[in-house]
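To start, the structure under review is shown below, and the notes come after it.
There are 2 protein chains.
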Amino acid sequence: MQNGFSQAEYRRRIESVRDRIQEKGLDGALVLDPYNVFYLGLYYYPGKRPVMLYIHNDGTVLAVTPAMEAHEARKVPHFDVVTAYQDNYAPGSDLYDCLKDTVTAAVGHVRQVAVDQVDLTAYRRLVEIFPELTVEDVVFPSRIIKSAEEIQMLKASAAYSDTMVAVGRELLKPGITELGTLNRMITATVDKMIEELGDVVYVPGGPAGALVPSGPRTALPHALPSGRTLQPNEPMILSCGANVWGYRTECERTFFVGSPSPAWRKAFEVMRRAQEMAIELMQPGAVCQDIDRQVLDFIRSEGYGDYVRHRTGHGKGLEEHEPPYIALGDETVIQPGMIFSSEPGIYIEGMSGFRHSDIIWVSENGPEVLTQYPKDLDSMIIPL
Amino acid sequence: MQNGFSQAEYRRRIESVRDRIQEKGLDGALVLDPYNVFYLGLYYYPGKRPVMLYIHNDGTVLAVTPAMEAHEARKVPHFDVVTAYQDNYAPGSDLYDCLKDTVTAAVGHVRQVAVDQVDLTAYRRLVEIFPELTVEDVVFPSRIIKSAEEIQMLKASAAYSDTMVAVGRELLKPGITELGTLNRMITATVDKMIEELGDVVYVPGGPAGALVPSGPRTALPHALPSGRTLQPNEPMILSCGANVWGYRTECERTFFVGSPSPAWRKAFEVMRRAQEMAIELMQPGAVCQDIDRQVLDFIRSEGYGDYVRHRTGHGKGLEEHEPPYIALGDETVIQPGMIFSSEPGIYIEGMSGFRHSDIIWVSENGPEVLTQYPKDLDSMIIPL
């Protein structure tokens, strides 16, 4: 597999953003969202020192970075200018002063500028520089339909998400802790990624991560990894996500270590059927919220309507969760090139949560499931 | 050690925020910053579904959470009301509607409200509810001076940051990868934390994490963990941070695997002396920027002025980096109860970076160094 994206891919991305800037009659766009910055070619540590890109309506790309990140930014061939601001608060070394000087020197005075996201404090500084600043993300619309190169990354990522579940499956026995399991899954998966890919790009959360709730904690959809020890005859959810060049997938499976009760088996099968139903409905032309409604109707008809805690699915790519959402209120029409999770969950407090998640690529021919780990009941039961 | 904070501690925190709200003549304060929410008692996963707290000027605390997080929020004894919003985008189930209804039902109509941080899109929804909304963080000023219970957490955390360096030290030999080392350090450290503490709280980044640059990558201050393999006669920086109940420390050490050159030893010793100098200057009454200036002057006088890429240190607590900063432009007067890193760095491209970091508690008696891993040259050299 090619290591990283081609220059042609980055050129297409920038042209697509540039075209949108022109369509909207803007002079340019400021890019502050770290995931949009990754998309445009710079992977960095998004801490408290912002990186700002400015894309002009002729496709010129200017980067303003902390002094610490400038070295990497200068390696990006399609950044026309890179300016570094100093790591202090003394007058004149401020990042906004630096941004103003950089933009003015490169493209002169600009008026109509959109910013993708901004907190109010930064906004108040930015409007001093760009008096007609509006808030609109002109980059994300390019991200929503994945390119052929992005699909390749997502396919590779899906195989590692599957690997991670398989590694975790071998560890599942009474006496393991959630965090002990998690850390061993990460170590084995990342070792394999480095061996096979040569190197990895580090994005927030690292190259692989997971949620690993055990026992009654499985009934909390976002239960964070804890020191809890798995007991006999308990469920455990392995909710695993690897990423390749920042492109994330997830493979989530609900296991049971011991002999599940008939009530557990029944709820499991309802979740299973709901998850398959959602996948089959992810066709080009379908409307996101209609899928959520049909899945909810099915779960309710089976008597589990009170145990739903979240939407059926979400978009995925550079972010863990990104639009569109398979959720009531999201009227997006599904198009080829979109990526979704399918993960309707049932959460019965004091008993168990039930959730599988797969990553689906909507191709011209319909939904293609990228994650492949088995999901039938027999594959999920680990006898004591 | 006590597992978690006492109710008396949370009561003091809320009273301190309430008093600040009254002093400023506000009706109440909205808390959106996840670290401020942790401080007030709810640890959760800060993804795209916000948690909002509202603190009234009589000390009433209202929480508005996603349905997924409500279960944990309802366990927090000092939250007077917890309301859950639904996980969809349909009219009427919106989180802002939910916030408005919750505040109105509990405390009636409020006008003068401050919010700690807010993006512009959320601000535009919030001013519809609170027409006189201002942006001011009334929680962070309580966090800047650490309480006795917080210092206990930080001391425990410092011991685990030291442990993590010690674990990493044993792994350092040619042939290891950065990420392979990192993952094994995390596994061993977190296993030990669970064994000794019984459980851990999971905050962003997990209970333990590190940066682990090797070879020439050490010259990049924030080089993210990669698949690179350590070669003979190379430096490697172990920049380790554990946290206990979210309270973070860091112990960073610059190692050399092989025989360092005289030039390497010389730069190392300048960094060492600069780091000790910064620690000694962290006295109650000192001004933050003066310490940065004195340290910079020393590094320049030794001929390494061109190799500085960042400030001398930063505050630490619930966040990796938090105010005050040991940096030019930060005029904060140091008070007992503040916590700082001391980490002046020297970064010589193509050769090596040099950075040790320790965590310093400024007590009434002066600086007390919480991290204890040895830092002399002999302890840093690992013969081949």
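Residue numbers (my numbering), protein chains in the order written: chain A, 13 to 396; chain B, 13 to 396. Glycine is no exception: its CB is placed at the ideal position from the N, C-alpha and C atoms.
Please name the residue, chosen from the options, that lies closest to residue i on a Cα-to-Cα basis.
i	options	result
B/D92	B/A79, B/Y101 and B/Y66	B/Y66
A/G329	A/E84, A/F142, A/I163 and A/R86	A/I163
B/Y337	B/A298, B/S226 and B/Q19	B/A298
B/K387	B/H333, B/H322, B/E281 and B/M363	B/E281
A/A82	B/V381, B/I393, B/E361 and B/S369	B/E361
A/S369	A/Q306, A/I358, A/S353 and A/E380	A/S353
A/L389	A/E314, A/R265 and A/L293	A/R265
B/Q19	B/Y51, B/L107, B/E35 and B/P296	B/Y51
B/M64	B/D109, B/D31 and B/A171	B/D109
A/G217	A/E331, A/R136, A/N69 and A/Y319	A/E331
B/A279	B/K167, B/Y135, B/K158 and B/Y319	B/Y319
A/F152	A/L191, A/V49, A/I303 and A/D70	A/V49
How many angstroms separate the CA atom of residue i from the CA atom of residue j?
i	j	result
B/R23	B/H90	8 Å
A/E161	A/G258	13 Å
A/G221	A/T175	12 Å
B/M80	A/L232	7 Å
A/A290	A/G325	9 Å
A/E208	B/I249	25 Å
B/S238	B/L145	44 Å
A/Y385	A/I346	25 Å
A/R323	A/E355	8 Å
A/G210	B/D211	36 Å
A/S28	A/V94	21 Å
B/A339	B/R305	8 Å
B/T199	A/M205	18 Å
B/P272	B/V381	28 Å
A/A85	B/E84	42 Å
A/E246	A/A178	19 Å
A/G227	A/R367	14 Å
A/G317	A/L308	7 Å
B/L223	B/I141	43 Å
A/L132	A/T344	29 Å
B/I156	B/E292	20 Å
B/I33	B/L111	19 Å
A/P143	A/G120	15 Å
B/W373	B/C300	14 Å
B/A96	B/R30	24 Å
A/F17	B/D113	48 Å
A/H68	B/L194	40 Å
A/G37	A/V125	9 Å
A/G270	A/A171	28 Å
Using 8 Å for Cβ pairs, my map puts residue i next to residue j. What's the rounded Cβ distance?
i	j	result
B/M350	B/G327	7 Å
A/S154	A/R25	6 Å
A/L138	A/V150	Rounded, the Cβ-Cβ distance is 16 Å, inconsistent with contact.
A/A118	A/T77	Not a contact, Cβ separation roughly 15 Å.
A/M283	A/I358	5 Å
B/P244	B/L396	6 Å
A/S159	A/E21	6 Å
Short of 7 Å in beta carbon distance, which residues of its chain neighbour residue i, apart from the five on each side in sequence? Order them along the chain.
i	result
A/V213	Y55, W257 and G258
A/S173	C252, G253, A254, T261, E262, C263 and T383
A/V88	G53 and L54
B/P219	V202, M205, V212, A254 and N255
B/T189	G239, R240 and T241
B/A286	V307, F310, I311 and P356
B/E314	V282
A/A134	none
A/R321	P233, G357 and Y359
Is the distance from the Cβ of residue i to the Cβ of residue j below 8 Å?
i	j	result
A/V122	A/G40	yes
A/I371	A/F268	no
B/L44	B/P58	no
B/G180	B/M165	no
A/L10	A/V115	Nothing can be reported for residue 10 of chain A: it is not among the residues displayed for chain A, which extend from 13 to 396.
B/P348	B/E376	yes
A/G341	B/Y47	no
A/H333	B/K167	no
Leaving out five residues before and five after residue i in sequence, what residues of the same chain have Cβ atoms less than 6 Å from its Cβ?
i	result
A/A235	P225 and R229
Got a sec? Which residues, its chain only, sit under 8 Å from residue i by beta carbon, not counting five neighbours each side?
i	result
A/G187	T241 and L242
B/A275	M363
A/Q98	A79 and S105
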